[in-house]
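Worksheet for the structure shown next.
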C-alpha cells in the first residue's frame, strides 16, 4: 500500500513536471517567435534608416544646389536693379531709348506698359530720394555737432581771455598803484596825456563828420542840378 501511494505520488509529480515542461516549451516557442518578429522589425527599421540617410544626403545635395542657385539669382537681381537705377537716372545712355517704342497695336496695352514703366521710375526715384534724405540728415547732424563743439570751444576761449584780462587788469592796477605811490607827478603826466589824446580823437571825429556832411551835400546838389 505504501509503495502504491508512493508510486501514485511519483506519477502525479511526473505529470506535473511534464505539464511544466510543455508550458516552458510553449513559452520558449513564443519567445522565439517574438524574437524573430523583433529581428524582422529591426531589419526593416535598418533598411528604412538606410533609405532615409540616402534621402537625407540627396536632399542636402539638392539644398546646396538651391542655395547656390539662389545666390546667383540674388546677384543677378542686384545687377538688374543697379542697371534699372542707372537707366532711370540716365535714360539717354540706354540704347533702347534711341529707337521708337514699339506699339502693341492696342492703346490700352500701350498705356498699361507706359504706366508700369512710370511706376518703376517713380519707385526708384523715391528710393533715391529716401537715401539722399537720410544722408542729408546725417550731414546736418554732424554739422550741428561740429557747430556746437566750435561754440563751446569759442566760449571756453572767451572765458579764458576774460580771466586773463581780469588778471592783467589787476596786475596793471597794482602797478599803477605802485607808480602812483612812487611818483605822483608821473601819474598826473599820464592822465594829461590821456586827456590830450581823447580831445584829439574827438576833434578828429568832428572834422571827419563835417567833411562827410559837406561831401554828401555837394553830391546831392550836383544831382539836383542835373
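Residue numbers (the UniProt record's numbering): 1 to 226.
The beta carbon of each residue, even a glycine, is placed where N, CA and C say it ideally should be.
Check residue i in the structure and name its three-state DSSP category.
i, result
"residue 12", "helix"
"residue 61", "helix"
"residue 42", "helix"
"residue 106", "coil"
Looking at C-alpha atoms only, which residue of the options is the closest neighbour of residue i?
i, options, result
"residue 86", "146, 125 and 14", "125"
"residue 81", "36, 121 and 47", "121"
"residue 118", "59, 145, 146 and 84", "84"
Going by beta carbon distance, what residues of the same chain come within less than 7 Å of residue i, once the five residues before and after it are set aside?
i, result
"residue 67", "none"
"residue 55", "none"
"residue 142", "none"
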